[in-house]
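*Asks:*
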Amino acid sequence: MSPSDKKKLSIISFSGDFDKLVAAFTLACGSAAVNYEVNIFFTFWGLNAIKKKTGRRFTGKGILAKTFGFLMGGVNNVPLSRLNFFGTSPKLMSFMMRKRNVATLKELIDAAIALNINLYACEMSMHILGISKDDFIPEVKEVIGVANFLQYSEGGDRIFI
Amino acid sequence: MSPSDKKKLSIISFSGDFDKLVAAFTLACGSAAVNYEVNIFFTFWGLNAIKKKTGRRFTGKGILAKTFGFLMGGVNNVPLSRLNFFGTSPKLMSFMMRKRNVATLKELIDAAIALNINLYACEMSMHILGISKDDFIPEVKEVIGVANFLQYSEGGDRIFI
Amino acid sequence: MSPSDKKKLSIISFSGDFDKLVAAFTLACGSAAVNYEVNIFFTFWGLNAIKKKTGRRFTGKGILAKTFGFLMGGVNNVPLSRLNFFGTSPKLMSFMMRKRNVATLKELIDAAIALNINLYACEMSMHILGISKDDFIPEVKEVIGVANFLQYSEGGDRIFI
Numbered sequence: 001m002s003p004s005d006k007k008k009l010s011i012i013s014f015s016g017d018f019d020k021l022v023a024a025f026t027l028a029c030g031s032a033a034v035n036y037e038v039n040i041f042f043t044f045w046g047l048n049a050i051k052k053k054t055g056r057r058f059t060g061k062g063i064l065a066k067t068f069g070f071l072m073g074g075v076n077n078v079p080l081s082r083l084n085f086f087g088t089s090p091k092l093m094s095f096m097m098r099k100r101n102v103a104t105l106k107e108l109i110d111a112a113i114a115l116n117i118n119l120y121a122c123e124m125s126m127h128i129l130g131i132s133k134d135d136f137i138p139e140v141k142e143v144i145g146v147a148n149f150l151q152y153s154e155g156g157d158r159i160f161i
Numbered sequence: 162m163s164p165s166d167k168k169k170l171s172i173i174s175f176s177g178d179f180d181k182l183v184a185a186f187t188l189a190c191g192s193a194a195v196n197y198e199v200n201i202f203f204t205f206w207g208l209n210a211i212k213k214k215t216g217r218r219f220t221g222k223g224i225l226a227k228t229f230g231f232l233m234g235g236v237n238n239v240p241l242s243r244l245n246f247f248g249t250s251p252k253l254m255s256f257m258m259r260k261r262n263v264a265t266l267k268e269l270i271d272a273a274i275a276l277n278i279n280l281y282a283c284e285m286s287m288h289i290l291g292i293s294k295d296d297f298i299p300e301v302k303e304v305i306g307v308a309n310f311l312q313y314s315e316g317g318d319r320i321f322i
Numbered sequence: 323m324s325p326s327d328k329k330k331l332s333i334i335s336f337s338g339d340f341d342k343l344v345a346a347f348t349l350a351c352g353s354a355a356v357n358y359e360v361n362i363f364f365t366f367w368g369l370n371a372i373k374k375k376t377g378r379r380f381t382g383k384g385i386l387a388k389t390f391g392f393l394m395g396g397v398n399n400v401p402l403s404r405l406n407f408f409g410t411s412p413k414l415m416s417f418m419m420r421k422r423n424v425a426t427l428k429e430l431i432d433a434a435i436a437l438n439i440n441l442y443a444c445e446m447s448m449h450i451l452g453i454s455k456d457d458f459i460p461e462v463k464e465v466i467g468v469a470n471f472l473q474y475s476e477g478g479d480r481i482f483i
């Protein structure tokens, strides 16, 4: 079976919310586990999920990019889409995920990489936010725009999370 | 025409926001009404929509699960995705829906059941939140994971709301 | 090639958040640019994107509709899905988009019109919110319900943003 015969699922990961990232990566890993070809296209706040784990926030060039950088704290600083309890909820949910032996977000991202899920970063968002490919983990395959996303996801489902 | 020849639409109902639930059920019921096979897979906050109407919130085992249970008030306690006006907006929107003779969320859920829409609950979210199938209305068909969701939704569109 | 042979992408634009509208229109315009047939179905808060630029908010009939009208400020008053910084973030992001030579939301909407993207408004949301077709820009093609949306989007992907 050639790669192009595989079922395909492509996720546009727009939200940087902790729970939505967990949902996106769970769907992605579960699909890859049953032999789907999976693409994740990170855009806007979703870029937080593929940020290098340096402990530093994104620091675009210029004061405006820095202001947005403050909102882009990386995967360890993503909020919950609901009541965020001043930053405690994601920690609480992570704790419960560990307690219940459910993979945490960090483990899900590692699993996605191990399962050869294709990780793409959105060129336009990076441009607006003033960040570069060097800000991302090396497993990010390519920086692409809408045309390439459409091409890579052609023939499968596209889901916006 | 066999069931597998029907057009198919599968909704991942992730959000517990009142307006998004209204959108999800309107799309689901409208699709079932024109003879689509419709699946709704409730996950995370979306599980609120299929909670038993006991007036009680989800009460998982343990203090942490209870804390999240506080966020899971069931379908009568879901907030609006926008300015929630301290809980009045969903009531206001419900009032307007009744006034305009538009089906309310409760009526939409009843319609979904009458239209034989398949309601599924996400195993992993329930595990994290410490809730069980007994917490749901009896019309919930099955508790499933990603692999089964992919199988049941195969051949149709998948929409994340 | 007849129109029906074209690849097709249909977006349900539910959110009135500035960043999600930018994402929706970027995806829409990028798809139309590579010859996709593109439909956008505006519902709930998404209707803000196609509001006439009169400077006035939607003003439904009756006090309740007016209350919701307050949340529907039109495309110049849409908030950011994340920390809104009391309304400054969309202005800031617009400024950065201009600075980086990325099309602004207003330009993206103009581009969508120039690219013959089909703009539809959701009948039910308009009914709930008490607004009429006259409140929209004239390029809105038709006011439709779920059945027509399914028909027009048949054979392509459907994405909820």
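Sequence lines, in order, name chains A, B and C. All residue numbers for the first sequence refer to our numbering, where the first residue is 1 and numbers rise by one. All residue numbers for the second sequence refer to our numbering, where the first residue is 162 and numbers rise by one. All residue numbers for the third sequence refer to our numbering, where the first residue is 323 and numbers rise by one. From the three backbone atoms N, C-alpha and C, an ideal C-beta is built for every residue, glycine too. The structure displayed is predicted, hence computed values, not measured ones.
Is there a Cβ from chain B that is less than 8 Å from the Cβ of R422 (chain C)?
*Replies:* No, no contact with chain B.
*Asks:* Taking only three categories from DSSP, how would you classify V424 (chain C)?
*Replies:* Residue state, collapsed to three classes: coil.
*Asks:* Starting from Y120 (chain A), trace the beta strand (DSSP E) both ways and give me its first and last residue.
*Replies:* Counting along the chain, the beta strand (DSSP E) containing Y120 (chain A) begins and ends at N118 to C122.
*Asks:* Under the three-state reduction of DSSP, which class applies to L331 (chain C): helix, strand or coil?
*Replies:* Correct three-state label for L331 (chain C): strand.
*Asks:* Looking at the unbroken beta strand (DSSP E) that takes in F363 (chain C), where does it start and where does it end?
*Replies:* E359 to F364 is the extent of the beta strand (DSSP E) around F363 (chain C).
*Asks:* What does the alpha-carbon distance come out to for the pair S447 (chain C) and N101 (chain A)?
*Replies:* S447 (chain C) and N101 (chain A): Cα-Cα distance of roughly 42 Å.
*Asks:* Which residues mark the beginning and the end of the beta strand (DSSP E) in which F482 (chain C) is found?
*Replies:* From DSSP, the beta strand (DSSP E) with F482 (chain C) extends over D479 to F482.
*Asks:* Does the distance from the C-beta atom of G190 (chain B) to that of A272 (chain B) stay below 8 Å?
*Replies:* The amino acid at residue 190 (chain B) is misidentified as Gly; the sequence shows Cys. In this structure, A272 (chain B) lies closer than 8 Å to C190 (chain B) by Cβ.
*Asks:* Alpha carbon to alpha carbon, what distance is there between G46 (chain A) and V468 (chain C)?
*Replies:* Spanning the two alpha carbons is a distance of roughly 30 Å.
*Asks:* Is F14 (chain A) near I161 (chain A), with beta carbons less than 8 Å apart?
*Replies:* Yes.
*Asks:* Per DSSP, what are the beta-bridge partners of V239 (chain B) in this structure?
*Replies:* Bridge partners of V239 (chain B): none, in fact.
*Asks:* Please name the residue in B:L188, B:D178, B:K260 and B:A210 whose C-alpha comes closest to that of D296 (chain B).
*Replies:* It is B:A210.
*Asks:* Just verifying my parser: in three-state terms, what is the DSSP assignment at I466 (chain C)?
*Replies:* Three-state DSSP puts I466 (chain C) in a strand.
*Asks:* Would you please state the rounded distance, in angstroms, between the beta carbons of E445 (chain C) and V465 (chain C)? I believe it to be under 8 Å.
*Replies:* Contact flag correct, Cβ pair sits at about 5 Å.
*Asks:* Using Cβ-Cβ distances below 8 Å, what residues of the stretch 204-216 of chain B are close to chain A?
*Replies:* Answer in chain order: T204, F205 and W206.
*Asks:* If you measure beta-carbon to beta-carbon, which residues of the stretch 132-143 of chain A are closer than 7 Å to chain D?
*Replies:* Structure shown: chain D not included; protein chains present are A, B and C.
*Asks:* Taking the C-alpha atoms as reference points, what is the distance between E37 (chain A) and R319 (chain B)?
*Replies:* The alpha-carbon atoms of E37 (chain A) and R319 (chain B) are separated by roughly 16 Å.
*Asks:* Please list, in chain order, the chain C residues whose beta carbon lies closer than 7 Å to that of V146 (chain A).
*Replies:* Within 7 Å Cβ-Cβ: T348, L349, G352 and S353.
*Asks:* First and last residue of the alpha helix (DSSP H) that includes V183 (chain B)?
*Replies:* Segment F179 to A194, the alpha helix (DSSP H) holding V183 (chain B).
*Asks:* Would you mind sorting S454 (chain C) into buried or exposed? The rule is 16 or more other CB atoms within 10 Å of its CB.
*Replies:* Exposed.
*Asks:* By DSSP, does K52 (chain A) sit in helix, in strand, or in coil?
*Replies:* Coil.
*Asks:* Can you tell which of A:S81, A:K53, A:L27 and A:K91 has the C-alpha that lies nearest to the C-alpha of I117 (chain A)?
*Replies:* Checking every option, the nearest Cα to that of I117 (chain A) belongs to A:L27.
*Asks:* Determine the DSSP secondary structure at F256 (chain B), reduced to helix, strand or coil.
*Replies:* Helix, per DSSP.
*Asks:* Return the chain-ordered list of same chain residues with a C-beta closer than 7 Å to the C-beta of L486 (chain C), the five sequence neighbours on each side being excluded.
*Replies:* Here chain C comprises residues numbered 323 to 483, so residue 486 (chain C) is not present and cannot be evaluated.
*Asks:* Any beta-carbon of chain B closer than 8 Å to the one on F417 (chain C)?
*Replies:* Not an interface residue.
*Asks:* From the DSSP output, in three-state form, read off F336 (chain C) for me.
*Replies:* Three-state DSSP puts F336 (chain C) in coil, outside helix and strand.
*Asks:* Check the DSSP bridge columns for F297 (chain B) and list the partner residues they point to.
*Replies:* According to DSSP, which records beta bridges pairwise, F297 (chain B) is partnered with B:K212.
*Asks:* So, is P299 (chain B) buried or exposed, given that buried needs 16 or more other C-beta atoms within 10 angstroms?
*Replies:* With fewer than 16 Cβ atoms within 10 Å of its Cβ, P299 (chain B) is classed as exposed.
*Asks:* Would you say A345 (chain C) faces chain A, with C-beta separation under 8 Å as the test?
*Replies:* At least one chain A Cβ lies under 8 Å of A345 (chain C).
*Asks:* Taking C-alpha atoms, which residue in C:Q473, C:G478 and C:L402 lies nearest to S153 (chain A)?
*Replies:* Here the closest residue by C-alpha is C:G478.
*Asks:* For the candidate residues A:K106, A:L21 and A:S10, whose alpha-carbon lies nearest to that of F205 (chain B)?
*Replies:* Answer by Cα proximity: A:L21.
*Asks:* Closest to K51 (chain A) by CA distance: which of A:K106, A:F149 and A:L150 is it?
*Replies:* Nearest C-alpha to K51 (chain A): A:K106.
*Asks:* According to DSSP, is G452 (chain C) part of a helix, a strand, or is it coil?
*Replies:* Note: G452 (chain C) maps to coil in three-state DSSP.
*Asks:* Give a yes or no on whether 8 Å exceeds the smallest Cβ distance from I128 (chain A) to chain C.
*Replies:* Yes, contact with chain C.
*Asks:* Nearest-angstrom Cα distance between N39 (chain A) and L119 (chain A)?
*Replies:* Cα-Cα distance, rounded: 6 Å.
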